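Heads up: take any position in the sequence shown, counting from 1, add 49, and you land on the numbering used here.
Heads up, the beta-carbon is just placed ideally off N, CA and C, and yes, glycines get one too.
These figures come from a predicted structure and were not determined experimentally.
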Amino acid sequence: MTAAAALATADPAAHVDAGRLLARLDALARHGARADGGVDRPALGEAEIAARAELVAWGRASGLEPATDALANLFLRLPGHTDTAPVLAGSHIDSQPTGGRFDGTVGVLAALAAVEAIQAAGIVPKRPIEVVAWMNEEACRFAPGMMGSEAFAGLKTADEILPITDAAGITVGEAAAAVLAADDDVPLRPLPGTAHAFVEAHIEQGTVLEQAGVPLGVVTGIQGTRRYRVRVTGEAAHAGTTARADRRDALMAAMRMIAAVEDLTREAADTLFTVGLFEVKPNAPSVIPAEAFFSIDIRQADDAVLDRLGTAIPETLAANAGPCAVEVRQIAHAPSVAFDEGLRRTLYDAAANLAAPAIDVFSAAGHDARSLARVCPTAMVFIPCRGGVSHHPSEHAEAEHIVLAARVLATTLARLADG
Ligand code: GLV
Ligand code: MN
Ligand code: MN
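Next comes the structure, spelled out in C-alpha cells:
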C-alpha cells in the first residue's frame with residue numbers, strides 16, 4: 050500500500066503505542082538518574098552510551114536500521130520504497146547536570162513511537178523516515194551546543210568540532226570514539242547529511258500552553274542567541290598586605306564587567322542575559338584572585354538588537370577591565386529563526402484531525418531544529434511543561450500531552466514521507 054492510499058484508510062496517529070512510549074521514557078530516565086528524580090546525562094558520557102544502546106535495541110526490535118556518523122549522531126531508519134532524502138524527526142538525549150527527564154528525550158521517543166505507528170498502520174512510505182538523536186544539544190560538557198545538528202546541516206565541519214575539549218581536557222573526538230566503539234555494529238555515515246524535512250517535538254520550557262490550557266503548540270520560530278566565554282587575568286597576591294592601588298583583582302574586574310553588560314542588555318526589556326558558568330582561581334580565601342572565567346548567554350528575538358549587543362559586549366568588557374587583561378571569545382551566534390509555513394500548516398492539520406486544540410508558540414529556548422531550518426523545511430511542536438520549569442529535576446510534562454505530540458508526529462511524518 051502506498052502512503053497516500055494508506056492515509057486514506059488508516060491514520061497512523063491511531064497506532065501510537067502510548068504505554069510503550071511512556072515506559073521508554075521511564076527506562077531512559079534511569080541512565081544518568083539523579084537521586085532527586087532528575088537526570089544528569091552529559092553528551093557522549095557513560096550514561097548516554099547506555100541510553101543510546103537502548104534506543105538502538107528498540108529500533109532494531111521494530112525493524113529500523115541504526116546508523117551513526119563521526120559525531121555520534123544516531124539515526125534509526127524506516128526505509129521508504131524510494132531511496133530519496135529522508136524525513137527526519139527527533140531531538141537529543143543529553144541533559145543539563147540538573148536536567149529533567151523530558152528535555153530532548155521526549156522528542157526522540159515521540160518520533161520513535163510515530164515511526165512505529167506508521168509501520169503498525171501498514172504504511173510503506175515513499176521516502177525513508179529517520180528518528181534522530183542529535184549529539185550534544187545542551188553544551189554543558191562540550192561548548193557550544195547543537196554540535197551534531199550543526200555538522201549534519203553543514204554549518205560546521207567535524208574537523209572544527211572534534212578537537213573541542215571538556216573541563217577534563219577530553220576532546221569531542223576522544224569521547225565520540227568511545228561512543229562509536231561501544232556501538233554494536235552500527236554503520237557510519239558521512240557528514241554533512243541530507244534531509245527532506247525535519248520535525249522536532251519538545252517540551253515548551255515556558256508557560257504559554259499551560260496558561261492557555263492548550264495541549265499542543267506549533268512553534269513559529271526560535272529567538273536568536275549569542276554566547277561568549279570571557280577570561281579575565283589579574284595577579285595573585287596577599288589579601289592582607291597588598292594595597293588597593295597595587296591590586297590586579299580578576300574577580301573585581303569580572304564583577305564590574307558582568308554588571309556593565311547586564312546594564313547594557315537592559316536597552317531592550319526582553320533581552321535575556323545569563324552568566325551560568327563562573328570560575329575563579331586560585332579560589333583561596335586569602336589570595337587576591339588571579340583569574341576569572343565566565344560565560345555570557347544572550348537571547349533576543351530582534352536580530353538588530355542582538356547584533357548591536359554583539360558589537361557592544363566586547364567593548365564593554367574591555368572598558369571595565371581596569372588593571373586586568375580580558376580575552377573574549379564568541380562561541381555561538383545564531384540569529385532568530387522562522388519555521389516553515391507549509392510544515393506548520395501540516396502540523397495544524399494533523400492536530401485538527403485529532404480534534405486537538407493547538408496554538409502558535411515562539412521558542413525562547415534553543416533547539417537542534419534551528420540548525421536543520423538552515424537546510425530543509427523544519428518545524429517543531431511543543432508539549433506543555435508544568436510551570437514552565439526546565440533544566441531542573443522537577444521538570445514535568447503530562448503523559449497525555451506527550452502521546453498527543455507523538456500522534457501528531459505520526460500523521461505529519463507519513464504525509465511528509467509521501468511528498
Ligand atoms: C537549550 O537547552 C538552550 O539553552 O536554549
Ligand atoms: Mn532540549
Ligand atoms: Mn535543554
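Using the Cα positions of residue i and residue j, report the straight-line distance between them to the nearest angstrom.
i, j, result
"Leu56", "Pro177", "Low per-residue confidence applies at Leu56: pLDDT is 47, beneath 50, and the placement is therefore not dependable enough to give any value."
"Ala52", "Leu465", "For Ala52, the pLDDT reaches just 49, beneath the cut-off of 50, and the residue's location in the model is therefore unreliable, although a value from the coordinates is still provided. Cα to Cα, Ala52 sits roughly 10 angstroms from Leu465."
"Ile451", "Ala261", "17 angstroms"
"Asp389", "Asn332", "49 angstroms"
"Gly511", "Thr460", "No information on residue 511 is available, as it lies outside the stretch 50 to 468 that the chain covers here."
"Lys205", "His130", "32 angstroms"
"Ala401", "Ala84", "40 angstroms"
"Asp298", "Asn369", "12 angstroms"
"Ala54", "Val279", "Bear in mind that the predicted position of Ala54 carries a pLDDT of just 49, short of 50, making it too unreliable to give a figure here."
"Phe124", "Val157", "10 angstroms"
"Glu449", "Val438", "18 angstroms"
"Met50", "Asp417", "Confidence is the limiting factor: at Met50 the pLDDT is only 49, short of 50, which leaves the residue's position unreliable and the question unanswerable from this model."
"Ile408", "Val267", "6 angstroms"
"Leu366", "Ala383", "21 angstroms"
"Pro174", "Asp467", "6 angstroms"
"Val457", "Leu137", "14 angstroms"
"Val281", "Phe343", "9 angstroms"
"Val336", "Phe431", "49 angstroms"
"Thr154", "Gly81", "12 angstroms"
"Ala230", "Gly94", "13 angstroms"
"Asp232", "Lys330", "39 angstroms"
"Gly197", "Gly218", "20 angstroms"
"Ala59", "Gly171", "8 angstroms"
"Glu253", "Gly139", "15 angstroms"
"Ala353", "Gly87", "37 angstroms"
"Ser144", "Val424", "25 angstroms"
"Met195", "Cys373", "33 angstroms"
"Val105", "His287", "56 angstroms"
"Thr290", "Val377", "31 angstroms"
"Leu355", "Arg109", "44 angstroms"
"Arg394", "Gly415", "22 angstroms"
"Pro433", "Pro334", "45 angstroms"
"Phe247", "Pro135", "9 angstroms"
"Leu453", "Arg69", "14 angstroms"
"Glu103", "Thr314", "43 angstroms"
"Asp351", "Ser412", "13 angstroms"
"Ala422", "Pro146", "27 angstroms"
If you compare alpha carbons, which of the options is closest to residue i?
i, options, result
"Glu328", "Ala303, Asp346 and Thr320", "Ala303"
"Asp345", "Ala309, Ala374 and Leu71", "In the sequence as displayed, the identity of residue 345 is Ile instead of Asp. Of the listed residues, the one whose Cα sits closest to Ile345 is Ala309."
"His440", "Ala63, Val457, Gly81 and Phe151", "Phe151"
"Gly149", "Ala63, Ala78, Phe388 and Ala413", "Ala78"
"Ala294", "Ile167, Cys425 and Gly371", "Gly371"
"Ala446", "Ala59, Val180 and Leu265", "Leu265"
"Ala169", "Leu113, Ala217, Leu421 and Glu259", "Leu113"
"Ile347", "Ala367, Ala317 and Pro334", "Ala317"
"Ala381", "Ala63, Leu93, Gly359 and Pro115", "Gly359"
"Gly325", "Leu313, Glu249, Ala353 and Arg276", "Arg276"
"Ser111", "Glu186, Glu165 and Ser420", "Glu165"
"Leu392", "Val88, Leu453, Glu103 and Leu462", "Leu462"
"Glu223", "Ile252, Cys189, Thr133 and Leu120", "Leu120"
"Val263", "Ala414, Ala405 and Arg73", "Ala405"
"Ala160", "Ala67, Ile213 and Ala99", "Ala67"
"Ala72", "Asp118, Cys425 and Ala162", "Ala162"
"Thr214", "Arg190, Ala226, Gly194 and Ala207", "Arg190"
"Ala339", "Ala285, Cys425 and Ala244", "Ala285"
"Ala227", "Thr427, Leu396, Glu97 and Ile362", "Glu97"
"Arg238", "Gly255, Phe247, Phe201 and Ala250", "Phe201"
"His141", "Ala182, Ala116 and Val375", "Ala182"
"Ala192", "Gly203, Ala216, Val180 and Asp208", "Ala216"
"Arg419", "Glu259, Thr323, Leu127 and Thr274", "Thr274"
"Ala428", "Arg435, Glu249 and Ala455", "Glu249"
"Val235", "Thr256, Thr147 and Pro115", "Pro115"
So who's on the other strand from residue i, going by DSSP bridges?
i, result
"Ile432", "Ile252"
"Pro91", "According to DSSP, Pro91 bridges with nothing at all."
"Pro115", "Leu125"
"Arg69", "In DSSP, Arg69 forms no bridge with anything."
"Ala400", "Bridge partners of Ala400: none, in fact."
"Val386", "Ile271"
"Val136", "Ile178 and Ala246"
"Ile408", "Gly266"
"Thr427", "Phe247"
"Arg378", "Arg278"
"Ala82", "Val88"
Can you find a CB in chain D that lies within less than 8 angstroms of the CB of residue i?
i, result
"Lys330", "The structure shown contains no chain D; it holds only a single protein chain."
Got a list of residues with beta-carbon closer than 7 angstroms to any non-hydrogen atom of ligand 2, in chain order? Ser140, His141, Asp152, Gly153, Glu186, Glu187, His251, Ala414 and His416
Minimum length 4: unbroken alpha helix (DSSP H) runs contained in the segment 269 to 357: 299 to 313
Within the segment 197 to 268, note down every full beta strand (DSSP E) run reaching 3 residues or more, in order along the chain. 246 to 252
Please give me, in chain order, every unbroken run of the alpha helix (DSSP H) with length at least 4 that falls completely inside the segment 139 to 183. 154 to 169
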